[in-house]
Each structure stands twice: as structure tokens, then as C-alpha cells.
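Visitor: For the sequence shown, position 225 (counting from the first letter as 1) is numbered 277 according to the numbering used here, and the numbering increases by one without interruption. The beta-carbon is built from N, C-alpha and C at its ideal position, and this holds for glycine as well. Because the structure is a prediction, the values reported are computed rather than measured.
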Amino acid sequence: MKDLKKYQGIIPAFYACYEDDGSVSAQRTKNFAEYLLNKGVKGLYVCGSSGECIYQSKEERKLILESVMEAVGGKMTIIAHVACNNTADSMELAAHAEALGVDAIASIPPIYFRLPEDAIAKYWNDISSAAPNTDFVIYNIPQLAGVSLTMPLFREMLKNPRVIGVKNSSMPTQDIQMFKAEGGDDIIVFNGPDEQFVAGRAIGAEGGIGGTYGVMPELFLECDKLIKEGNIEKAREIQYAINSIIYAMCDCKCNMYAAAKEVLRLQGIDIGDARAPLTGLKEESKPLAANVKRMIDEAKSRFLGE
């Protein structure tokens, strides 16, 4: 019987942590992992989109995961995204993640070339074979990967006993329902788009993995709690506040993750800037990020009494 309870809850997509010179920072990675552990989240999704993985080397990604595991391994659920744009490197990262004792590995499909579905399935199954004792999560993010997880491809992947779920970042919540209907109790579906957390949970997602959880984990934790209690009306109020915050982050004149990192710095934890070619923090963005921090504080005061 698969242990899916450890995946049910709030799992922030972990941000890449850099030194001031732009190199990966092991210490800042540990500090941020411990910061999120102390916030009470269920786990961490490491080296995914929010972790800027496509702009990092294999060695850097290994260092990040090693640092996370050293800080919080065994204390929370860890899902390591291991996909590279070739099978061999992805398998190497998968084996490395299993050796560190992560709970699951995850992978987007191969990007750039449009591959047939049998080639995508082989790519994922080859990666999974390199971590034969570790759960596997399919990462469906068609708006960035250019490839959608179709139902025939999903059915093919369910033949792999290590496949335990889907991180679904497509926008239609209907996709969550379809994956749940097909996989049943043997799989878990994570809501991906933060703007629809309540809708995704309502239609069948048992947990969420999100790129803005890191700057406001308290609000998502409260949303999750209210949904479990059946208080959808109050959860929806918090979702509206969350969405306003996300829109404000997107209005900053920099990459959204650079804005998130500035908000975190204002909250007392410095994890550096975003890595080029992502647009880093500009001086003109600082007041906008400060406004985001103010909005988060106001929402926490309103809904949590903090």
C-alpha cells in the first residue's frame, strides 16, 4: 500500500539560494529550508521551476539537494525534481536523490523537441529506473514545457508502480479531476497554480506545490486547514487575498522569483537574487516588493490575527 499521507498538505516549491556573487549557497539553502520547516509546512519541492533548475548545472543541483537534506531530511517530506533535458543527466540526479533518501523524485517531460508519447514515457521510466526504491511524481506544466500530460500517456505511466501522482500546473482544474478519476486512491494530485489552490483542492487535489508558498506559507496553511474543516467561504476569502498578492508580485519590474526573494529579505531571510537570464531585482522594484510584503502582513493580521 502506497503511503500518500506524507504528500497531503502544503509543499512550497523551494527557491534557489545564491550568494551575493551568484553562486549556489549551501548555507543560505540550509537556512531557508529550516525557515520553512519552522513555519510548519508539510514538505519541500526542490530544484523545480521555482528553484531555477534549468539554469543550474548538475553539480549545483546536487549541492542544493544535499544542503536541504542535511538541514531538514527526515523532518519533512522532500520531493526532488531531477529532470534535465537529456536522459543520462536526469538518471544521474535521480540516483543521487535516492541515495540521499528523498521521499520522491519528479520530472517534467523533455522540452524543445516535440517527442511522441512513447518517447516521453520511456524518458520518465528510465529516470524512475535509476531510483528504483523511490516514488515518482509526474510534473505536468504544459504552458512552459510545451507538452501536456494526456490521459493515454498518464495511463501508460500508471503501469510503473513507482508513479504515485501528478504535480498538476495546468490551468484547468478539470485536469485534476480527470487524473484523480483515472488513478483513484493509488495516486495523489498536487494543485500547481497558486491562484486556484482552493478550486484545485475542492475538485480533488489532496495537496499543493506552489511557487509563492515560500513568501506566505501561513496563508496557504490556513487555507488548507479551512478546506479540511469544510469552511470553503473563509478559504475563498483568503484565496482572494493571496491572488491580489500574487498579482502585485507579478507587477514588480523583475522576475517574480526575484520579487519573492526581495520579500523574503524584508521578512528577515536573505537568499540572494534570481539567476540570469531571469530578470533580477532592480532598484525600481524595491518599493513594489515592499508593498507586497505589506499586503502579506495585512492579510496575516486579518485572517490569522498576527
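May I have a chain-ordered list of the alpha helix (DSSP H) segments no shorter than 4 residues that lie completely inside the region 254–335?
Guide: Within the region 254–335, the complete alpha helix (DSSP H) runs of at least 4 residues are 269–281, 284–303, 308–318.
Visitor: Which whole-angstrom value describes the C-beta separation of Met301 and Thr331, a residue pair presumed to lie in contact below a C-beta threshold of 8 Å?
Guide: Not quite, the Cβ-Cβ distance comes to about 13 Å (not below 8 Å), so this is no contact.
Visitor: What three-state label does DSSP hand Asp187 in the structure shown?
Guide: Of the three classes helix, strand and coil, the one that applies to Asp187 here is strand, per DSSP.
Visitor: Does DSSP put Thr202 in a helix, a strand or coil?
Guide: Note: Thr202 maps to coil in three-state DSSP.
Visitor: For a test of the three-state rule: what should DSSP assign to Lys345, helix, strand or coil?
Guide: Helix at Lys345.
Visitor: When the Cα atoms are used, what is the spatial distance from Gly244 to Ile193?
Guide: Distance between the alpha carbons of Gly244 and Ile193 is about 8 Å.
Visitor: Which residue wins for smallest C-alpha separation from Lys338, given the options Asp303, Glu358, Gly256?
Guide: Among Asp303, Glu358, Gly256, the Cα nearest to that of Lys338 is on Asp303.
Visitor: When DSSP labels each residue in this structure, what does Asn83 get in the three-state scheme?
Guide: Three-state result, Asn83: helix.
Visitor: Based on the DSSP output, what are the partners of Pro64 in its beta bridges?
Guide: Pro64 is bridged to Gly262.
Visitor: As a quick exercise: from Gly126, Gly125, Glu144, pick the residue whose alpha carbon is nearest that of Val134.
Guide: Of the listed residues, the one whose Cα sits closest to Val134 is Glu144.
Visitor: Using only CA atoms, which one of Arg80, Phe66, Ala65 lies nearest to Asp72?
Guide: For Asp72, the nearest C-alpha among the options comes from Arg80.
Visitor: Are the beta-carbon atoms belonging to Gln258 and Lys305 less than 9 Å from one another?
Guide: Per the sequence presented here, residue 258 reads as Glu, with Gln not at that position. Contact flag unset, no.
Visitor: In the DSSP assignment, find the alpha helix (DSSP H) that holds Asn177 and state where it starts and stops.
Guide: That run of the alpha helix (DSSP H) goes 169–181.
Visitor: Confirm the yes/no value for this check: CB of Met230, any heavy atom of the ligand PLP, distance under 8 Å.
Guide: This structure lacks the ligand PLP; in fact it carries no ligand of any kind.
Visitor: Measure the C-alpha to C-alpha separation of Met268 and Met347 and round it to an integer number of angstroms.
Guide: If I take the Cα positions, the gap works out to 10 Å.
Visitor: Got a sec? Which residues, its chain only, sit under 6 Å from Glu426 by beta carbon, not counting five neighbours each side?
Guide: This structure leaves residue 426 out entirely; the chain is present only between 53 and 358.
Visitor: In terms of DSSP beta bridges, what is Tyr70 paired with?
Guide: Answer is Val76.
Visitor: Would you check if the distance between the CB atom of Ile157 and the CB atom of Val189 is smaller than 9 Å?
Guide: Yes. Within cutoff.
Visitor: Does the region 317–332 come into contact with the region 234–241, if we say contact requires no fewer than three beta-carbon pairs (one atom in each stretch) closer than 8 Å?
Guide: With the cut-off at 8 Å, the region 317–332 and the region 234–241 do not touch.
Visitor: DSSP three-state call for Phe355: helix, strand or coil?
Guide: It is helical.
Visitor: Considering Ala158, what are the terminal residues of the beta strand (DSSP E) in which it resides?
Guide: Taken as a continuous stretch (DSSP letters only), the beta strand (DSSP E) holding Ala158 covers 156–159.
Visitor: Can you tell me which of the three DSSP states Ile193 falls into?
Guide: Correct three-state label for Ile193: coil.
Visitor: At the level of alpha carbons, what is the spacing between Ser222 and Gly266?
Guide: Going by the C-alpha atoms only, they are around 20 Å apart.
Visitor: If you reduce the DSSP assignment to three classes, tell me which class Ala135 lands in.
Guide: Three-state DSSP puts Ala135 in coil, outside helix and strand.
Visitor: I think Gly92 touches Ile63, with their Cβ atoms under 8 Å apart; what is that distance to the nearest whole Å?
Guide: Not really, about 12 Å apart at Cβ, beyond 8 Å.
Visitor: Where does Gly236 fall in DSSP's three states?
Guide: Looking at Gly236 - three-state DSSP - the assignment turns out to be helix.
Visitor: Quick check: what's the CA-CA separation for Tyr107 versus Asn220?
Guide: If I take the Cα positions, the gap works out to 22 Å.
Visitor: List the DSSP bridge partners of Lys219.
Guide: Note: Lys219 sits in a beta bridge opposite Tyr191, Phe242.
Visitor: On the CB-based measure, 16 or more other CB atoms within 10 Å of its CB, does Lys280 come out buried or exposed?
Guide: Exposed, by the Cβ-count rule.
Visitor: When the Cα atoms are used, what is the spatial distance from Gly153 to Ala140?
Guide: When rounded, the distance between both Cα atoms is 20 Å.
Visitor: Relative to the alpha-carbon of Ile297, which residue among Ile116, Lys211, Glu247 has its alpha-carbon at the smallest distance?
Guide: Nearest C-alpha to Ile297: Glu247.
Visitor: Please name the residue in Ala326, Ala341, Tyr292, Arg327 whose C-alpha comes closest to that of Val315.
Guide: Taking only the C-alpha atoms, the option nearest Val315 is Ala341.
Visitor: Report the rounded CA-to-CA distance for Glu358 versus Tyr292, giving the unit in angstroms.
Guide: If you take the alpha carbons of Glu358 and Tyr292, they lie about 18 Å apart.
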